[in-house]
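Take a look at the structure below.
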Amino acid sequence: MNDDIKKNSLDYTLFSWSKQGNLNPIQVTHAKGVYFYDVDGKKYLDFSSQLMNVNIGHGNQRITEAVSKQMQKISYSFPGTATDIRGKLGKKLAEITPGNLSKALFTIGGAEAIENAIKLARIYTGRHKIITHYRSYHGATYGAIAASGGDPRNHPVDTQGVPNIIHVENPYFYRCPWGTNSIEECGEMALAHLERVIQFENPESVAAILFEGESGSSGCIKYPPFYLKKIRELCDKYGILMIDDEVMSGFGRTGKMFAIDHHGVTPDIMCLAKGLTSGYLPLGAMMVTDTIANYFNENPMILGLTYSAHATCCAAALENIKIIEDGNLVENAAKMGAYMEAEIEKLKAKHPSIGDFRNTGLLGCIELVKNRETKEPITPWNAKPSDMEATQKMAAKIRELGMFTFVRWNWIFIAPPLIITKDEINKGLKIISEVISIADEYCN
Ligand code: PLP
């Protein structure tokens, strides 16, 4: 019976982003709070909220009840119908998103929110080019993966699978492409580079600049404090739309409801998913400002999906947002994030391989290096499997010690559910410290 779980999954289903041979997936059975359990009863501390989406933690029965109540009334209705739950969720999102963002197009997940944002920006502006960062991830559908610049997940499917997507360098200060000495200077260089690219590409052909509200799977690259404000200014100067991808960084993850709230800027379009339902059911959304929404009062909005505004998923989202608010989870993320930062600062003294820790709220990455002076990574970016020894050893150790999180090349991700306590953080950092001892052995 136990073996059937793994055997059936491996024999009859394909696993994302992997060679299918020799996979050994955890056989998950149930979960509660910040923990989940496997078929043998082994407990795992979920230090990445699964895919950085289970923001409220596992097993919250308020969602089960809200979903069940909705399904007793109606589970699904044609997206052209009005439902109570759709309207209530739309209204709530208009209240909690910044500025004049006022209407939502509901999608199935993050990638479809991005696809629709790209299409809408092209329709609305009559322009065709979209600028994104090389170091970014926006989803796996064709437009979204083409937007994901230099992410190696983009390489096998053709970086220009969707044409007219232009990439720029990030202000990655730890490895500043312009060799600067301060995060501010690196930010200024990145902005000057961005403006040059806009001019070379012809500003009148650029529909939108798309960026993550806070960088996630590309290494949690922090924006310089003024960076997004200045992007807003560039967008206004050239009539370009600003698209903020809050799929990973939204719903309290960074210690504010949305990561862009740290910058006091309102984008024209905001993309949401993941923490919108905390992963309990699939749902995404593309929010637009009242200006854009009004344009479509007179012009047809040629966008749609069979499962847009799915009533059951909307019920999960509305209850999820109430849980975030009732539990002050945004504040807890900010508080626990500050605690995490102080504790990891202490780990730096113990572990020579910690080169950098970049964190906002509970979205953080430890960057591991062989040498703090040269910053040579423990595992190079986009390394071949044969160069991944340290990464593989660390990933195996994390699992052995009863933790779940991602190790990507030389980054260890730390993004636990927003309900986490100090005690649970201490337990997690004890495991992380043991894992980083493996990286220390590669230091020179
Ligand atoms: N945008 C960002 C910033 C993401 O991190 C992701 C997924 O990790 C996506 C978009 C795509 O979301 P989904 O996997 O729900 O399509």
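Residue numbers (our numbering): -19 to 424. Where a beta carbon is used, it is the ideal one built from N, C-alpha and C, also for glycine.
Ranked by Cα distance from Glu45, the options Glu369, Ser258, Thr359, Ala295 are led by Ala295. Taking Ala124 as the centre and dropping the five residues before and after it, the same chain places the C-beta of Ala91, Ile94, Glu95, His118 closer than 7 Å to its C-beta, in chain order.
Apart from sequence neighbours up to five positions away, the residues of its chain that approach Glu404 with a beta-carbon distance below 8 Å are Val14, Leu25, Pro396, ordered along the chain.
For the 7 Å CB-CB criterion, Asn144 and His108 form a contact. The Cβ atoms of Arg233 and Gly341 sit closer than 7 Å to each other. In this structure, the C-beta of Gly89 approaches the ligand PLP to less than 6 Å from one of its heavy atoms.
At a threshold of 6 Å, His242 does not count as near the ligand PLP, since its beta carbon sits no closer than that to any of the ligand's heavy atoms.
In the structure shown, Val19 falls within a coil segment according to DSSP collapsed to helix, strand and coil.
Ranked by Cα distance from Ile334, the options Leu263, Thr292, Asp420, Arg42 are led by Asp420. The residue among Lys99, Ser28, Asn33, Lys202 with its C-alpha nearest the C-alpha of Phe337 is Lys202. With three or more CB-CB distances shorter than 8 Å, the region 305 to 325 counts as touching the region 401 to 416.
For Gly335, the uninterrupted beta strand (DSSP E) segment begins and ends at 334 to 340. Taking 4 residues as the shortest admissible run, the region 177 to 229 contains the following complete alpha helix (DSSP H) segments, listed from N- to C-terminal end: 207 to 218. Between Leu81 and Met222, the C-beta gap is not smaller than 7 Å, which leaves the two residues out of contact. Using a cutoff of 6 Å, the CB of Tyr117 counts as near the ligand PLP, since one of the ligand's heavy atoms is closer than that. Here the C-alpha atom of Tyr154 lies approximately 14 Å from the C-alpha atom of Ala170.
Distance check between Asn390 and each of Cys423, Leu381, Lys402, Glu380 places Cys423 closest, using alpha-carbon atoms only. DSSP places Asp248 in the coil class of the three-state scheme, outside both helix and strand.
For Cys293, the three-state secondary structure derived from DSSP is helix.
Counting of Cβ neighbours within 10 angstroms places Asp216 among the exposed residues, the total staying below 16. Secondary structure of Glu92 (DSSP, three-state): helix. Judged by DSSP secondary structure, Glu278 falls outside any beta strand (DSSP E) and instead within the alpha helix (DSSP H) spanning 270 to 278. Restricting attention to beta strand (DSSP E) runs no shorter than 3 residues, the region 306 to 375 encloses them at 334 to 340, 343 to 348, ordered along the chain.
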